[in-house]
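Sequence positions in the sequence shown follow full-length UniProt numbering and run 1 to 191. Worksheet for the structure shown next.
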Amino acid sequence: MIEIPSDLHKDLVPLAFLLGNWAGAGVHDFPGSQKCNFGQEVSFTHDGRDFLEYHSHTWVLDKDGNKVRPLESESGFWRIDADRKVEVTMTRDDGVIEIWYGEMADKKPQIDLVTDAVARTPGSPAYSGGKRLYGYVKSDLMWVGEKQTPEVPLRPYMSAQLKKVVTPEDVERWAKALPDDLPDNGIAFFK
């Protein structure tokens, strides 16, 4: 279910499907690094201004699904204009700063992004750009990332399927929003 908070900036309504905390797992595979499964936690929040704040943390998982070590962390800000053009500024823990541009698909919650600018610190790994696809599919947030370096052409390197994290505050808010005249018999919902 996609909720649109009453205090969400009107320009951000098309991005409302991203809001909240997400958790899940995926696969990381890129030449020069070890292929692995990873866990991920993502949050998209807002404070009433015309952007979403974004944070992502990933970690390597062992074969039993236990956390082994951190993999990547990034944070940034997402905006969208009236023509459904999306811009993202992002900072990564490895010393890379990116500006992404893209657009939302017509009539569906899907965003395609491509790097427009990349800045790197002297100690950051080789990186020259990337692509990302985010989509809301059957209540899950799914994404795939591609990257390229001077030595490796653009190719997929990470993808994940994330589930919405439900908090006690969410449950309380939903409970308060229920009508007072709910039937006491759950079967009545299906009649």
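Ideal Cβ positions, reconstructed from N, Cα and C, are used throughout, including at glycine.
Beta-ladder partner(s) of residue i, from DSSP
i: His101; result: The residue asked about is misnamed: residue 101 is Tyr in this sequence, not His. For Tyr101, which the question treats as bridged, DSSP gives the partners Glu87, Val114.
i: Gly145; result: Arg132, Met158
i: Gln40; result: Gly24, Thr58
i: Glu53; result: Thr45, Phe77
i: Val137; result: Asp140
Inter-residue spacing [alpha-carbon to alpha-carbon] between residue i and residue j
i: Leu61; j: Gly24; result: 11 Å
i: Gln34; j: Glu74; result: 20 Å
i: Ala105; j: Thr89; result: 20 Å
i: His9; j: Pro168; result: 25 Å
i: Asp11; j: Phe51; result: 9 Å
i: Gly39; j: Trp59; result: 5 Å
i: Pro150; j: Asn37; result: 25 Å
i: Arg49; j: Glu87; result: 15 Å
i: Gly102; j: Val114; result: 6 Å
Exposed unless 16 or more other CB atoms sit within 10 angstroms - verdict on residue i
i: Ala160; result: buried
i: Gly76; result: buried
i: residue 193; result: The question about residue 193 has no answer, for the chain in this structure spans 1 to 191.
i: Lys108; result: exposed
i: Glu146; result: buried
Element boundaries [beta strand (DSSP E), containing residue i]
i: Gly70; result: Looking at the sequence itself, residue 70 is Pro, so the reference to Gly does not match. Where Pro70 is concerned, the enclosing beta strand (DSSP E) stretches over 67-80.
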